[in-house]
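Colleague:
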Amino acid sequence: MAAIEKELLEAKKWANDEDDVVNDIRKVDHWLLFGIGIMPLLVFSIWYYIVY
Amino acid sequence: MFWLYAGGNIILASFVLGSTYSESLGFIPAVIMTIVGNLAAYTICAWSAQKNVKYGIDEIVSHRPAFGYYGSVFGVFLILAITIGWTGILSSLMGSAGELSVTILTGSSGFAGEYYAYAIVGGIIIPIILLLIDPKIGFKLSNITVPIMLAFSIYMLIKLLSAENLAALLSFKATRETSWVFAFEAIFAYAVVWLQYIGSWNRMAKTERGGVWGTYIGLALAGMLLGIVGGMATILTGEVDPTLWMLELNLSVMAFICIIAGTITTITILIYSGAMSLLTVFPNLNFRIVTVLIALPALPFIFIGSLREAFDFILIFGAMLAGPYWAIILIDYFLLRKQKINVKACFDKEGPYKYFKGFNPIAIFSQIVGMIVWLFLGGWMTGFTFITSSFGMTLFNALGATLPAIIVSALVYYGLTKLFLKKYSFGDYRYSQKNLGGVLNEIK
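Note that the protein sequences, when read in sequence, are chains A and B. Quick note, the first sequence lines up with residues 570 to 621 if you use the numbering used here. Quick note, the second sequence lines up with residues 407 to 850 if you use the numbering used here.
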């Protein structure tokens, strides 16, 4: 129970200030995520409609 | 972060997901669908992870900029509802696994109602006792059970790829009862349902890039592996319940013991996460009482007709409620706030995220619109005739339901917020635009 109370109390303290942020994500990450995630599904859907 | 998220998705329900569409699509399309579907579906989890990694705040707290200080309580309701559903489904798996394990070990036919006894004791009572002893015991147990389940899944995949099985898989004639859209809908709904849990872990990540990619690769790879194994096993045996196809595939009692240990671990982690979400909003509640109150409502799910029905139920309602909800949060964070939120205001009841009495009416309206779109397209899946539309069914076969609901609710929220921001100042959007930390509002 002590661990729970500690975690709840720390929840607010855990919040990062803008200065503490390790802001290393870039636009290329978002585009890469889009490319890896969405493009194969689009290709598959076209293939499926053609074949079946 | 990779192992944390991969471990989170190495659960029995991931096997069941692959089983839901494999017979309809057939072997090769089902395998490809599992790969591309998981790659696509978990992008939403990765994007959602970023805000929590960046600001180190809990999932529910990060909903306040979009839904308002009290509006984010809807997220707690979602977490609790879905936790109760998953607990019930996993408990029913415990019932089957316990029944079969005892039969294999003792050779006896068992006793009347033993399925319910094992489900209730293994799925509800034991996790409650474990959580009362040590609330974080699930995470400790997962250090043992996740590697075992991972090894077991890889072993299963190798076993299923034997020449004999492969010939049977390739010669299987797909039923074509549903299209690939239904399969993607199931995978996407499954990913959306997980959004609430992964958020509370993201604040522990050290870098944005590590958190986002760890979330994505961990969840997607685990989802693919278990989905493919579950799908192949169902094609070979015709069974959806993992314990039943394991029996048909002549796996030893050790497999069932792995299943039981893994399921108990997952249930304890889910109930812990649900309880912590509630305590984040209502810190004066007692953890032990909350734990019991979350676990007990899962009992009815044990008595629902079949595992498939219970699984469909949680996916349908989880996706309908959670899809538009997270769409609004993500569009607010990425497009309207340009990835900048006022963290201090997230903890201030009277701060800029108070909106109207603690609720953001635009977000609530957009949520309702998204749910209506979902019901129009996917209402037929609920079985209720009054929300079944033949035109909606036709559109569903081309679009699905959750993804259109997400897109519509996000567009409505974006459009209305932009419209009202032209006339009024609210929600501390100036902070995001000029990064002045709410100072402008204080001056005004």
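Glycine included, every Cβ here is placed at the ideal spot set by N, Cα and C.
(1) Would you kindly work out how many angstroms separate the C-alpha atoms of residue 431 (chain B) and residue 585 (chain B), rounded to a whole number?
(2) Does any CB atom of chain B fall closer than 9 Å to the CB of residue 619 (chain A)?
(3) Just by C-beta distance, which residues in the region 478-512 of chain B are closer than 9 Å to chain A?
(4) Need the endpoints of the alpha helix (DSSP H) that residue 533 (chain B) sits in, please.
(5) With a threshold of 6 Å on Cβ separation, who are the neighbours of residue 632 (chain B) within its own chain once the five nearest residues in sequence on each side are excluded?
(6) Cβ atoms of residue 645 (chain B) and residue 456 (chain B): under 9 Å apart, would you say?
(7) Within the continuous alpha helix (DSSP H) that includes residue 679 (chain B), where are the two ends?
(8) Less than 9 Å separating the beta-carbons of residue 605 (chain B) and residue 408 (chain B)?
(9) Please report the distance separating the alpha-carbon of residue 724 (chain B) from that of residue 730 (chain B).
(10) When the cut-off is 9 Å and only beta carbons count, does residue 439 (chain B) lie next to chain A?
(11) Take the Cβ of residue 601 (chain A) as the centre, count every other Cβ of all protein chains shown within 10 Å, and call the residue buried at 16 or more, exposed below.
(12) Does DSSP put residue 753 (chain B) in a helix, a strand or coil?
(13) From this set, B:768, B:643, B:429 and B:834, which residue's C-alpha is nearest residue 583 (chain B)'s C-alpha?
(14) Can you tell me which of B:722, B:787 and B:433 puts its alpha carbon nearest to the alpha carbon of residue 573 (chain B)?
(15) Determine which residues share a DSSP beta bridge with residue 762 (chain B) and list them.
(16) Please tell me whether residue 520 (chain B) has its Cβ less than 9 Å away from any Cβ of chain A.
(17) With a cut-off of 8 Å on the beta carbons, I'd call residue 837 (chain B) and residue 748 (chain B) a contact; round off their distance for me.
(18) Let me check understanding here. Comparing Cα to Cα, which of B:712, B:547 and B:706 lies closest to residue 670 (chain B)?
(19) Does any residue of chain A bring its CB to less than 9 Å from the CB of residue 465 (chain B)?
(20) CB-CB under 8 Å to residue 740 (chain B), same chain, minus the five flanking residues each way: which ones, in chain order?
(21) Using CA atoms only, rank isn't needed, just tell me which of B:736, B:626, B:650 and B:713 is closest to residue 491 (chain B).
(22) By the DSSP assignment, the alpha helix (DSSP H) with residue 569 (chain B) in it spans what residues?
(23) Exposed or buried, residue 823 (chain B), counting other C-beta atoms within 10 Å across all chains shown (16 or more means buried)?
(24) If the cut is a Cβ gap below 8 Å, which residues of chain A does residue 445 (chain B) touch?
Modeller: The answer reads as follows:
(1) Indexing the second sequence from 1 puts residue 431 (chain B) at position 25. Indexing the second sequence from 1 puts residue 585 (chain B) at position 179. C-alpha separation (whole angstroms): 7 Å.
(2) Indexing the first sequence from 1 puts residue 619 (chain A) at position 50. So, not an interface residue.
(3) none
(4) Looking up residue 533 (chain B) in the second sequence gives position 127. Run containing residue 533 (chain B): 532-539, per the alpha helix (DSSP H) assignment.
(5) Here residue 632 (chain B) corresponds to residue number 226 of the second sequence, with the count starting at 1. 420, 421 and 559.
(6) Mapped onto the second sequence, residue 456 (chain B) falls at position 50. Mapped onto the second sequence, residue 645 (chain B) falls at position 239. Against a cut-off of 9 Å, the Cβ pair of residue 645 (chain B) and residue 456 (chain B) comes out as no contact.
(7) The residue given as residue 679 (chain B) occupies position 273 in the second sequence. 659-687 is the span of the alpha helix (DSSP H), which, as asked, contains residue 679 (chain B).
(8) Along the second sequence, read from residue 1 onward, the residue named residue 605 (chain B) stands at position 199. Along the second sequence, read from residue 1 onward, the residue named residue 408 (chain B) stands at position 2. No, the Cβ-Cβ distance between residue 605 (chain B) and residue 408 (chain B) is not below 9 Å.
(9) Here residue 724 (chain B) refers to the residue found at position 318 when the second sequence is read from its first residue. Here residue 730 (chain B) refers to the residue found at position 324 when the second sequence is read from its first residue. Spanning the two alpha carbons is a distance of roughly 11 Å.
(10) Here residue 439 (chain B) is taken as the residue at index 33 of the second sequence, counted from 1. Yes - at least one Cβ of chain A is within 9 Å of the one on residue 439 (chain B).
(11) On the first sequence, residue 601 (chain A) is found 32 positions in, with the first residue counted as 1. Residue 601 (chain A) is exposed by the Cβ-count criterion.
(12) To locate residue 753 (chain B), count along the second sequence from 1; it is residue 347. DSSP, read as helix, strand or coil, puts residue 753 (chain B) in coil.
(13) Here residue 583 (chain B) refers to the residue found at position 177 of the second sequence. Taking only the C-alpha atoms, the option nearest residue 583 (chain B) is B:429.
(14) Counting from 1 along the second sequence, the entry for residue 573 (chain B) is found at position 167. It is B:433.
(15) Within the second sequence, numbered from 1, the residue matching residue 762 (chain B) stands at position 356. Looking at the DSSP output, residue 762 (chain B) bridges to B:765.
(16) For this step, residue 520 (chain B) is matched to residue 114 along the second sequence. Cβ-Cβ to chain A under 9 Å: no for residue 520 (chain B).
(17) Counting from 1 along the second sequence, the entry for residue 837 (chain B) is found at position 431. Counting from 1 along the second sequence, the entry for residue 748 (chain B) is found at position 342. The pair is a contact, with the Cβ atoms about 5 Å apart (cut-off 8 Å).
(18) Here residue 670 (chain B) refers to the residue found at position 264 when the second sequence is read from its first residue. It is B:547 whose Cα lies nearest to the Cα of residue 670 (chain B).
(19) Translated into the one-based positions of the second sequence, residue 465 (chain B) becomes position 59. No, because no Cβ of chain A sits closer than 9 Å to the Cβ of residue 465 (chain B).
(20) Residue mapping note: residue 740 (chain B) aligns to position 334 of the second sequence, counting from 1. Cβ within range, chain order: 453.
(21) Counted from its first residue, the second sequence places residue 491 (chain B) at position 85. Selected option, being the one with the closest Cα: B:713.
(22) Counting from one through the second sequence, the residue named residue 569 (chain B) turns up at place 163. Residues 569-577.
(23) Walking along the second sequence from the start, residue 823 (chain B) turns up at place 417. Answer is buried; the Cβ neighbour count reaches 16.
(24) Your numbering for residue 445 (chain B) matches position 39 in the second sequence. Listed along chain A are 605, 606, 609 and 610, each with a C-beta nearer than 8 Å to that of residue 445 (chain B).
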